[in-house]
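Peer 1:
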Ligand code: ATP
Ligand code: MG
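Residue numbers (UniProt numbering): 1 to 354.
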């Protein structure tokens, strides 16, 4: 007769953890283990080191297609198209996807693709990174760095005015972006305005839509047809004369003044009924004396900064590099002001669906 061998007593133990756990589920339900990513779409190999690199102005070093992105929400609409908040299905990272619809000829399309390539190579922490661009059936899709506090237009809608110390912090960052565009890339932005200056929770301010207005213009068949607002255009530009980098400086001055006084400088109130027509605006910009900061309400440094930008003769404006050294910027430089605290106290432009 066989004797029953006693069941071996099983011992369950948690293995000693010598290396840190690298496996986790990302927000999109992707299982992430070291270099391996697995979700309902299959398996993928992505170098973790490259994927987790912060958005420091360098290109993402892994390839992805539009199919890898899922829409979270529409975050904005402009005259050229729609901007959506999207999530990368594999790595869970958020991006802004700007979709521009246009009917364009083949040669212009090639030119646009060329411009977008230049745009993608941006290496400045104050210019929004364009990670990828796709062209398909007359639709251009740009995968952009997501700026989670929206634009300066969103900020001033809530706070109405921005105090001088914070404005100096904003200006310094925009000027650093402009120095990069003007002095290193040798390009004119052409569309500096509150909605093209984006902010994130860290208090970083970055210029976006660089090259996009030129691109939209070229798509209309004429190289410099403008799509968007004329409000921030310099006198030489709005009247159709030649213009250069200093045209962006006029626009910056207008933006800064608007943020300080709480209204577009050429109008008396934000009341839509008083908004000038294009021809009234053209006449005001070209013929009237340039707007300035009221000296009884603002510091001499601020008034001087604004008038160093808003000069009707482009030769009288300071350059972006000169403005970086302006006493208004210098005055608040060592005060260590955190713009992140200001924007953090505001309603975020996008509420995430739960
Ligand atoms: P226009 O098309 O007339 O120039 P616009 O600049 O407002 O106007 P878009 O560039 O299409 O139009 O942007 C629409 C809105 O989407 C912006 O105002 C901004 O709030 C938001 N947005 C754009 N890009 C981003 C981004 N990278 N991150 C977060 N929000 C963005
Ligand atoms: Mg824009």
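Beta carbons: idealized from backbone N, C-alpha and C, even for Gly.
Taking three-plus beta-carbon pairs below 8 Å as touching, is the segment 334–345 in contact with the segment 163–170?
Peer 2: yes
Peer 1: Kindly list the residues whose CB is nearer than 7 Å to the CB of residue 168, restricted to its own chain and excluding five residues on each side of it in sequence; keep chain order.
Peer 2: Within the chain shown, residue 168 is the residue found at index 168, counting from 1. Correct list, in chain order: 328, 329, 331 and 332.
Peer 1: Is residue 91 helix, strand or coil by DSSP?
Peer 2: Residue numbering aside, residue 91 sits at position 91 when the chain shown is read from its first letter. When DSSP states are grouped into helix, strand and coil, residue 91 belongs to the coil group.
Peer 1: For a test of the three-state rule: what should DSSP assign to residue 73, helix, strand or coil?
Peer 2: Residue mapping note: residue 73 aligns to position 73 of the chain shown, counting from 1. Strand.
Peer 1: Closer than 6 Å by C-beta to residue 182: which residues in its own chain qualify, once you throw out the five before and the five after it? Chain order, please.
Peer 2: On the chain shown, residue 182 is found 182 positions in, with the first residue counted as 1. In the same chain as residue 182, and ignoring 5 residues on each side of it, the C-beta atoms closer than 6 Å to its own belong to 245 and 320, in chain order.
Peer 1: Does any heavy atom of ligand 2 sit closer than 6 Å to the C-beta of residue 195?
Peer 2: Within the chain shown, the letter at position 195 stands for residue 195. Correct: residue 195 has its Cβ closer than 6 Å to ligand 2.
Peer 1: Just grab the DSSP bridge partners of residue 98 for me.
Peer 2: Against the chain shown, residue 98 aligns to sequence position 98. In the DSSP output, where bridge partners are listed per residue, residue 98 has 83 and 142.
Peer 1: Just curious, the alpha helix (DSSP H) that residue 279 is in, first and last residue?
Peer 2: If you number the chain shown from 1, residue 279 lands on position 279. Unbroken alpha helix (DSSP H) run through residue 279: 278–287.
Peer 1: Any heavy atom of ligand 2 closer than 6 Å to the beta-carbon of residue 78?
Peer 2: If you number the chain shown from 1, residue 78 lands on position 78. Indeed, a heavy atom of ligand 2 lies less than 6 Å from the Cβ.
Peer 1: Distance cutoff 7 Å, beta carbons only. Does residue 128 sit that close to anything in chain B?
Peer 2: No chain B appears in this structure, which consists of one protein chain only.
Peer 1: Taking 7 Å as the limit between beta carbons, can you name the residues of its chain near residue 295, skipping five residues before and five after?
Peer 2: What you label residue 295 is simply residue 295 of the chain shown in a count that begins at 1. Around residue 295: 303.
Peer 1: Would you list the one or two residues that DSSP bridges to residue 307?
Peer 2: Reading the chain shown from its first residue, position 307 is the one you call residue 307. Paired residues: none, contrary to the question.
Peer 1: Just to confirm before moving on: does the CB-CB distance between residue 69 and residue 86 stay below 7 Å?
Peer 2: The residue labelled residue 69 in the question sits at position 69 within the chain shown. The residue labelled residue 86 in the question sits at position 86 within the chain shown. Contact: yes.
Peer 1: Taking 6 Å as the limit between beta carbons, can you name the residues of its chain near residue 286, skipping five residues before and five after?
Peer 2: Position 286 of the chain shown, counting from 1, holds the residue named residue 286. Closer than 6 Å at Cβ, skipping near neighbours: 235 and 239.
Peer 1: Does the Cβ of residue 338 lie closer than 6 Å to at least one heavy atom of ligand 2?
Peer 2: Within the chain shown, residue 338 is the residue found at index 338, counting from 1. No, ligand 2 has no heavy atom inside 6 Å of this Cβ.
Peer 1: DSSP three-state call for residue 195: helix, strand or coil?
Peer 2: To locate residue 195, count along the chain shown from 1; it is residue 195. Helix, per DSSP.
Peer 1: So is the beta-carbon of residue 355 under 6 Å away from any non-hydrogen atom of ligand 1?
Peer 2: Limits of the chain in this structure are 1 at one end and 354 at the other, which puts residue 355 out of reach.
Peer 1: Exposed or buried, what is residue 202 when buried is set at 16 or more other beta-carbons lying within 10 Å of its beta-carbon?
Peer 2: As a position in the chain shown, residue 202 is number 202, starting the count at 1. By the neighbour-count rule (16 or more Cβ atoms within 10 Å), residue 202 is not buried but exposed.
Peer 1: Hey, quick one: how far does the alpha helix (DSSP H) through residue 131 stretch, first residue to last?
Peer 2: As a first step, residue 131 is located in the chain shown; it is residue number 131 there, counting from the start. No alpha helix (DSSP H) holds residue 131; the beta strand (DSSP E) holding it covers 130–136.
Peer 1: Any chance the CB of residue 245 is under 6 Å from a heavy atom of ligand 1?
Peer 2: Sequence index remark: in the chain shown, residue 245 carries index 245 (1-based). No, Cβ of residue 245 sits at least 6 Å from all heavy atoms of ligand 1.
Peer 1: Among 312, 260 and 140, whose alpha-carbon lies nearest the alpha-carbon of residue 282?
Peer 2: On the chain shown, position 282 is the one that residue 282 refers to. The residue among 312, 260 and 140 with its C-alpha nearest the C-alpha of residue 282 is 312.
Peer 1: Give the single residue among 199, 209 and 324 whose Cα lies nearest to the Cα of residue 141.
Peer 2: Taking the first residue of the chain shown as 1, we reach residue 141 at position 141. Considering only alpha carbons, the answer is 209.
Peer 1: Could you check which residue in 175, 200 and 199 has the C-alpha nearest to that of residue 188?
Peer 2: Along the chain shown, read from residue 1 onward, the residue named residue 188 stands at position 188. When only C-alpha atoms are compared, the closest one is 175.
Peer 1: Going by DSSP, which residues form a beta bridge with residue 345?
Peer 2: The residue you call residue 345 lines up with position 345 of the chain shown. In the DSSP output, where bridge partners are listed per residue, residue 345 has none listed.
Peer 1: Return yes when the Cβ of residue 237 is within less than 7 Å of the Cβ of residue 200, no when it is not.
Peer 2: Within the chain shown, the letter at position 200 stands for residue 200. Within the chain shown, the letter at position 237 stands for residue 237. Contact: no.
Peer 1: What number of angstroms, rounded off, separates the C-alpha of residue 230 from the C-alpha of residue 278?
Peer 2: Locating residue 230 in the chain shown gives position 230, counting from the first residue. Locating residue 278 in the chain shown gives position 278, counting from the first residue. When rounded, the distance between both Cα atoms is 8 Å.
Peer 1: Buried or exposed: which applies to residue 45, given that a residue is buried once 16 or more other Cβ atoms fall within 10 Å of its Cβ?
Peer 2: Position 45 of the chain shown holds residue 45. Any answer about residue 45 is weak, because its pLDDT of 48 lies below 50 and its placement is not dependable; what the coordinates show is given next. For residue 45, the number of other beta carbons within 10 angstroms of its own is below 16, and it is reported as exposed.
Peer 1: Considering just the uninterrupted stretch of the alpha helix (DSSP H) at residue 331, what are its terminal residues?
Peer 2: Locating residue 331 in the chain shown gives position 331, counting from the first residue. Note, residue 331: alpha helix (DSSP H), 327–333.
Peer 1: Beta strand (DSSP E) containing residue 206: first to last residue?
Peer 2: One-based indexing of the chain shown puts residue 206 at position 206. It spans 205–207 - the beta strand (DSSP E) in which residue 206 sits, taken as one unbroken run.
Peer 1: For a test of the three-state rule: what should DSSP assign to residue 430, helix, strand or coil?
Peer 2: Limits of the chain in this structure are 1 at one end and 354 at the other, which puts residue 430 out of reach.
Peer 1: Going by the C-beta, is residue 209 closer than 6 Å to any heavy atom of ligand 2?
Peer 2: For the purposes of this step, residue 209 is identified with residue 209 of the chain shown, where counting begins at 1. Residue 209: yes, Cβ under 6 Å from ligand 2.
Peer 1: Is residue 146 near ligand 1 - that is, is its Cβ less than 6 Å away from at least one heavy atom of it?
Peer 2: If you number the chain shown from 1, residue 146 lands on position 146. Yes.
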